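Counting along the sequence shown from 1, when you hit position 24 you're at 34 in our numbering, and nothing is skipped either side.
One structure is given below, encoded as structure tokens.
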Amino acid sequence: MSILINKDTKVLVQGLTGKTGTFHTEQALAYHGTQMVGGINPKKGGETWKGLKGETLPIFASVMEGKEKTGADASVIYVPPGGLLMLL
């Protein structure tokens with residue numbers, strides 16, 4: 011099995027502003043500085059997410075916008091199934 015991600019992988023977080031997305035993003039940032047480059051929330055696009063330790067990430071209204079503006083090459087999803095289509 012090949013390694014699909016590495017220390018240079020840029021990750022978008024779908025559902026960043028929710029409880030689960032925030033928890034896992036903070037853990038990823040603490041773990042050797044994973045490159046979390048932004049979050050996706052259709053209702054909060056243009057805002058900035060702030061973590062407990064002062065980290066900040068831009069929030070985009072769609073995955074397409076986030077990918078275009080950050081160059082992200084991976085995404086994690088912390089959104090209930092019913093809300094997923096709104097992100098695309």
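C-beta atoms are modelled at their ideal positions from N, C-alpha and C, and glycine is treated no differently.
Owing to the predicted nature of the structure, the values given are computational and were not obtained by experimental measurement.
Shown here, V21 sits in a strand according to DSSP, grouped into three states.
Taking the Cα of K17 as reference, the smallest distance to any Cα among G25, G43, L62, G81 is reached at G43. The beta carbons of G81 and L67 sit no closer together than 7 Å.
Secondary structure at A84: strand, using DSSP grouped into helix, strand and coil. For L67, no alpha helix (DSSP H) encloses it; the enclosing beta strand (DSSP E) starts and ends at 66-70.
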